[in-house]
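Residue numbers (the numbering used here), protein chains in the order written: chain A, 368 to 534; chain B, 1032 to 1584.
Think of the CB as a built atom: it goes at the ideal place given N, C-alpha and C, for glycine as much as any other residue.
All values derive from a computational prediction rather than experimental measurement.
The structure under discussion appears below in the form of structure tokens.
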Amino acid sequence: MTSLTSRLKGRSELGVALLLGAAGVLVLWDAAGLVTPYSKSDPVGPKTVPYIVAGLLIVCAVMLAINVMRGGQGEVEGGEDVDLSHPADWKTVLPLAGAFVANILLIDWTGWVISGTVLFWGSVWALGSRHYVRDGLISVALSLLTFYGFYLGLGISLPAGLLEGIL
Amino acid sequence: MDVFSSLMDGFATALTPMNFLYAVIGVVLGTAVGVLPGLGPAMTVALLLPVTQVLEPTSAFIMFAGIYYGGMYGGSTTSILLNTPGESSSVVTAIEGHKMAKAGRAAQALATAAIGSFVAGTIGTTLLAVCAPIVVKFAVSLGSPSYFAIMILALLAVTAVLGSSRLRGFASLGLGLAIGLVGMDSVTGQRRLTFGQPLLTDGLDIVVVAVAIFAVGEALWVAAHLRRTPANIIPVGQPWMRKQDWKRSWKPWLRGTVYGFPFGALPAGGAEIPTFLSYVTEKRLSKHPEEFGKGAIEGVAGPEAANNAAAAGTLTPLLAMGLPTNATAAVMLAAFTSYGIQPGPQLFESEGPLVWALIASLFIGNFLLLVINLPLAPLWAKLLQLPRPYLYAGILFFATLGAYSVNLQAFDLVILLALGALGFMMRRFGLPVLPLILGVILGPRVEGQLRKTLQLFGGDPSGLLSEPIAVGIYIIVAIILVWPLLLKLWRRSRPQAVPAGTAGPLPQDDQAQAGSDLRMAEADGGANDGSEMAEATGSTNQSVHARRRQEEP
């Protein structure tokens, strides 16, 4: 690893500290905005715990920043299918997130059967499968099965959307 | 209260055909998610929460218990056949288990793991049935200040004792507590952290949070680092053991149980510490110490038993006091609340039949697991060949479905993705997940308890210290928090006496010995699984550190 990449790596963890700090300030700001008259039945009030949490977050942010500047590093999580020898593969993650977002945008309009198909097919594609037809069939089958399974088995009607009346 | 007759009533409930069916579904599902990478029992229970709202609570909890125990069995299969422990608690099993599998003794390793899990699970569940009512008796005598102190202890101990970096643990806890704050304050009705968004008024649903952190975060994280070369799975036949194997296994099973149960029952126990202790003990007591590092059956039997006994132990504080100490227990606590059941010391009184049916179903599930794991091990191993694109796409698909079905609103999916990104970041930068989940679930309960307590004392903070037990617990909390600083100061003053990393309650040679075993294992792990083994070593080192912190106070 060159010194440049290791320096960049050190910096990226500062982002975590920044996020913690931002979360802390947000909690603090939100709690400060609460207006509550003192009440005998609730002496602690709704503000106390948010203040403590904000304090914890801000202290952690500062300490993490110091820790990272001194060369500290979080332990990257491994796993059964995780190969840490190559850097993060954004070409897989971004399309995967894209499939997820597509589902969010589609679900209320087209209904679960279509959006679920898009989600599964897109995810499988993003993860590297290239059996377009087989994947498509599996996606449709899964979406249909879950739609009817939820409707008949659990009484939960997922949105039918564009296919309203057909399903 | 007569434990035996209550338990028999529990069996009667758990053995009705419907409940038995849910027990079977639970253990099969649990084993499957334990075997499959990327899935765990905590996430599975969270995913099933909305689906099980139509069931009787008893049936749902019988299924959850099956998933919980099943996950333990399935995890050992993966670590033996693949050398990739899915959970930190099966790291130690992989050390000897995978060596055995490589030497053609996979069948014996799986058999001793399954039978040992059964023995330990059965003894552990018996201890649970005996101990829980005693703990309840103690817990109901506690006043509000003591109960608050115990909750604080559980929250801080899990954060500070487990994991490799306390700082990152506390950061994770802070994020969890902040997420738990979102929504309407239950006492005053004030909206906190909702940013004027009406959909946030009811707070973030625990299903959405848990599924996001466990499932979406995991799927995105694995996608970023997906192993393109398939892992090497060792083929396995029918598990069986020779007389010699039985002879060498039964004592480690029992000793593992003795380690596992109490550690599981402690507020910050977990299964990592007892499995490691059991490994070291077996190694020292073994008549075949030369086999350790090459596949000693004792090194599988002991830790696996410890692992399962700890799982039973964890349920003691959950059922007796409403205190979860691992992720699955935390999600089960959320499940109690979602059924309108108030967990806590009153649970045995108010929901006696449910609790005893749950405990009875643990015995039944344990037996079922033995039955489905011994003959079907080759079948379970086949699950590992599932193509990864389907596996992770499936996880995302069902995560979406589960989160969406809670409220049927697309807004929850936006939260799911945002928190999934948070889960991704936590994995990338080594923030442990458990403190966050406990923070989300326990945070609001702790706050409620604090406000209730101070209400009793008219807002005088000294009321928190009005009971001797509470004071004692705060002293323990203080020791846990301050201990590493003291250790550091002590080391600084005598730098030559204890080299960093080898201090501890164990004799130094033993620990160095275990370390060298792990290095050996790493060395002949081959190029392909070298990184996995390095991971295993790292996690085991973690548990060494964790154990040191745990025991010295």
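Give me the DSSP bridge partner(s) of residue i.
i	result
valine 449(A)	Leu1257(B)
arginine 1222(B)	Met1215(B)
Measure the CB-CB distance between residue i and residue j and report whether it falls below 8 Å.
i	j	result
alanine 1063(B)	glutamine 1269(B)	no
leucine 1469(B)	valine 1189(B)	yes
aspartate 409(A)	glutamine 1486(B)	yes
alanine 1243(B)	glycine 1451(B)	yes
alanine 1176(B)	alanine 1430(B)	A small correction: the amino acid at residue 1176(B) is proline; alanine does not occupy that position in the sequence shown. Not a contact, by the Cβ cut-off of 8 Å.
alanine 1254(B)	threonine 459(A)	yes
isoleucine 1111(B)	histidine 1129(B)	yes
leucine 1465(B)	alanine 1358(B)	yes
glutamine 1221(B)	threonine 403(A)	yes
proline 417(A)	arginine 1223(B)	yes
leucine 1427(B)	leucine 486(A)	yes
glycine 1291(B)	glycine 1155(B)	yes
threonine 1124(B)	glutamate 1335(B)	yes
alanine 1299(B)	threonine 1356(B)	yes
valine 1247(B)	glycine 1433(B)	no
alanine 398(A)	alanine 428(A)	no
isoleucine 1181(B)	isoleucine 1504(B)	yes
valine 538(A)	leucine 424(A)	With chain A running from 368 to 534 in the structure shown, residue 538(A) is simply not present.
threonine 1143(B)	aspartate 1276(B)	yes
aspartate 1233(B)	glycine 1205(B)	no
alanine 1077(B)	alanine 1241(B)	yes
leucine 1067(B)	leucine 1422(B)	yes
glutamate 1249(B)	glycine 1069(B)	yes
glycine 1041(B)	tryptophan 1387(B)	yes
valine 1058(B)	isoleucine 1511(B)	no
tyrosine 1104(B)	alanine 1342(B)	no
threonine 1044(B)	threonine 1075(B)	no
isoleucine 1446(B)	leucine 1364(B)	no
phenylalanine 1245(B)	alanine 1361(B)	no
phenylalanine 1460(B)	valine 383(A)	yes
leucine 1080(B)	valine 1289(B)	no
phenylalanine 1179(B)	leucine 1495(B)	yes
glycine 1065(B)	glycine 1106(B)	yes
valine 411(A)	arginine 1482(B)	yes
leucine 1038(B)	alanine 1160(B)	yes
glycine 441(A)	serine 1196(B)	yes
serine 1436(B)	isoleucine 474(A)	no
### Query
Okay, do the region 1308-1316 of chain B and the region 1199-1209 of chain B touch, 3+ Cβ pairs below 8 Å being the bar?
The region 1308-1316 of chain B, when compared against the region 1199-1209 of chain B, does not touch it at the 8 Å Cβ threshold.
### Query
For the region 1508-1529 of chain B, which residues have a CB atom closer than 7 Å to at least one CB atom of chain A, in sequence order?
Along the region 1508-1529 of chain B, none of the residues has a CB nearer than 7 Å to a CB of chain A.
### Query
Can we say the region 431-450 of chain A touches the region 1247-1260 of chain B, given the rule of at least three CB pairs closer than 8 Å?
A contact exists between the region 431-450 of chain A and the region 1247-1260 of chain B.
### Positions along the region 1255-1287 of chain B whose CB lies within less than 9 Å of some CB in chain A
Residues of the region 1255-1287 of chain B with a C-beta less than 9 Å from any C-beta of chain A: Ala1255, His1256, Leu1257, Arg1258, Arg1259, Thr1260, Ala1262, listed in chain order.
### Query
Name the residues in the region 1218-1250 of chain B whose C-beta lies less than 7 Å from a C-beta of chain A; which are they?
If the cut-off is 7 Å between Cβ atoms, the region 1218-1250 of chain B has Val1218, Thr1219, Gln1221, Arg1223, Leu1224 near chain A.
### Message
Which runs of the alpha helix (DSSP H) at least 4 residues long sit entirely within the region 445-514 of chain A? Give them in chain order.
### Response
You should have 457-477, 479-493.
### Task
Mind checking the region 1060-1071 of chain B against chain A and listing, in chain order, the residues whose C-beta falls within less than 8 Å of any C-beta there?
Against chain A - using a Cβ distance shorter than 8 Å - the residues of the region 1060-1071 of chain B are Pro1068, Gly1069.
### Task
Take every Cβ of the region 1268-1288 of chain B, pair it with every Cβ of the region 1140-1160 of chain B, and state whether three or more of those distances are shorter than 8 Å.
They touch, by the three-pair rule.
### Query
Would you call the region 1177-1187 of chain B and the region 375-392 of chain A touching, i.e. three or more CB-CB distances under 8 Å?
Taking a cut-off of 8 Å for Cβ pairs, the region 1177-1187 of chain B and the region 375-392 of chain A do not touch, as fewer than three such pairs fall below it.
### Task
Pull out every residue of the region 426-445 of chain A whose Cβ sits closer than 9 Å to any Cβ of chain B, in chain order.
So the list reads Val426, Cys427, Ala428, Met430, Leu431, Asn434, Gly439, Gln440, Gly441, Glu442, Val443, Glu444, Gly445, given in the order they occur along the chain.
### Chain-ordered residues of the region 1127-1153 of chain B with a beta carbon less than 7 Å from chain A
Listed by position along the chain: nothing, the set is empty.
### Within 7 Å of chain A by C-beta, residues of the region 1466-1493 of chain B in sequence order
Residues of the region 1466-1493 of chain B with a C-beta atom less than 7 Å from some C-beta of chain A are Glu1478, Leu1481, Arg1482, Leu1485, Gln1486, Gly1489, Gly1490, listed in chain order.
### Query
Is it a yes or a no for the region 1371-1379 of chain B touching the region 1166-1173 of chain B, going by three-plus beta-carbon pairs under 8 Å?
The region 1371-1379 of chain B, when compared against the region 1166-1173 of chain B, does touch it at the 8 Å Cβ threshold.
### Query
What are the start and end residues of each continuous alpha helix (DSSP H) run of 4 or more residues lying completely inside the region 1129-1209 of chain B, in chain order?
Correct list: 1137-1171, 1175-1192.
### Query
Taking any Cβ of chain A, which residues in the region 1041-1052 of chain B have a Cβ under 8 Å from it, in chain order?
Going along the region 1041-1052 of chain B in chain order, one finds no residue with a Cβ nearer than 8 Å to chain A.
### Message
List, from N- to C-terminal side, the alpha helix (DSSP H) runs of 4 residues or more that fit wholly inside the region 1041-1111 of chain B.
### Response
Here the runs fully enclosed are 1048-1066, 1072-1082.
### Query
Contact between the region 1052-1072 of chain B and the region 1317-1335 of chain B: three or more CB pairs below 8 Å?
No: fewer than three Cβ pairs fall under 8 Å.
### Query
Contact between the region 1078-1091 of chain B and the region 1362-1374 of chain B: three or more CB pairs below 8 Å?
Between the region 1078-1091 of chain B and the region 1362-1374 of chain B, the count of C-beta pairs closer than 8 Å reaches three or more; the two stretches touch.
### Query
Using 8 Å as the Cβ pair cut-off and three pairs as the minimum, do the region 475-484 of chain A and the region 494-511 of chain A touch?
Result yes; three or more Cβ-Cβ pairs closer than 8 Å.
### Query
Got a sec: which bits of the region 1420-1432 of chain B sit with their beta carbon under 7 Å from any beta carbon on chain C, in order along the chain?
Reference to chain C is not applicable here, since the protein chains of this structure are A and B.
### Message
Can you pull out the residues from the region 1183-1195 of chain B whose beta carbon lies closer than 9 Å to at least one beta carbon of chain A?
### Response
Hits within the stretch, in order: Gly1194, Ser1195.
### Message
Closer than 8 Å between beta carbons: that is the criterion. Which residues of the region 1196-1211 of chain B meet it against chain A?
### Response
Hits within the stretch, in order: Ser1196, Leu1198, Arg1199, Phe1201, Ala1202, Leu1204, Gly1205, Leu1206, Leu1208, Ala1209.
### Query
Of all the alpha helix (DSSP H) runs that stay within the bounds of the region 1238-1294 of chain B, which reach a length of 4 or more residues?
List check, alpha helix (DSSP H) in window: 1248-1255.
### Task
Could you list the residues in the region 481-492 of chain A with a C-beta less than 7 Å from some C-beta on chain B, going in chain order?
Listed in sequence order: Gly483, Leu486, Phe487, Ser490, Val491.
### Every unbroken alpha helix (DSSP H) inside the region 1368-1442 of chain B [4 residues or more]
Those alpha helix (DSSP H) runs which fall completely within the region 1368-1442 of chain B and span 4+ residues are 1378-1381, 1383-1404, 1408-1414, 1419-1438.
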